[in-house]
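Numbering (this note's numbering), first residue to last: 45 to 276. Heads up, the beta-carbon is just placed ideally off N, CA and C, and yes, glycines get one too. Small disclaimer: the values here were computed from a predicted structure and weren't measured.
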């Protein structure tokens, strides 16, 4: 019986991968006759979209990447909740698995020669679905690191790593905002999050090397603000 649901989850994961392979930043750059993966940091994600195309495009890219994970998870959750009423074995259907597929598709997109982004926005979409209170904690950690070091990559990695470990706390499976964990074995969703964090960390190895060499790019708008304050 359980083997049947392994196949169901695998199919859900593949669907997530196909959805995640859609990349708005690449679509936009192609429309402009270029490829964002050949500009800036050569990454097809929010931070590079900010550097290359500005804030408006970066916001659109972030929302698209986060929502393709979040909305996919919500659809699976709604279908699972409906089916569970008729068959309790749907306990083994894992909504976050489609988010993991979307994250993997974003990083290794089938439609763009397996060269995409780094998966942080997709992970945030997964986190938002997992538990909104965890998302708020993530936001605090991320902003703190950003304000201290002004490096998006460092803020992203530290915050998602810490938050994925915190997610094992049973509190985040039982509180009022933990609806996603209903009828889901503990702590399988946290294990999925750890899996995703490991993939994102591997994609950030070049960033770690640049941080160690003091050559990692810093967020320009924070630098400009600090410089203007120093001149007053």
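Taking Cβ positions, are residue i and residue j nearer each other than 8 Å?
i, j, result
"residue 197", "residue 182", "no"
"residue 65", "residue 180", "no"
"residue 128", "residue 227", "yes"
"residue 262", "residue 195", "yes"
"residue 106", "residue 165", "yes"
"residue 201", "residue 150", "no"
For a test of the three-state rule: what should DSSP assign to residue i, helix, strand or coil?
i, result
"residue 138", "coil"
"residue 230", "coil"
"residue 144", "helix"
"residue 150", "helix"
"residue 257", "coil"
"residue 112", "helix"
"residue 279", "An answer regarding residue 279 cannot be provided, because it is not within the stretch 45 to 276 covered by the chain."
"residue 63", "helix"
"residue 94", "helix"
Buried or exposed: where does residue i fall if 16 or more other Cβ atoms within 10 Å of its Cβ makes it buried?
i, result
"residue 240", "buried"
"residue 269", "Low per-residue confidence applies at residue 269: pLDDT is 44, beneath 50, and the placement is therefore not dependable enough to give any value."
"residue 213", "exposed"
"residue 61", "buried"
"residue 132", "exposed"
"residue 220", "exposed"
Three or more C-beta pairs below 8 Å linking the region 77-91 and the region 121-140: These segments do not touch.
Inter-stretch contact at 8 Å, needing at least 3 Cβ pairs: the region 66-77 / the region 116-131: no
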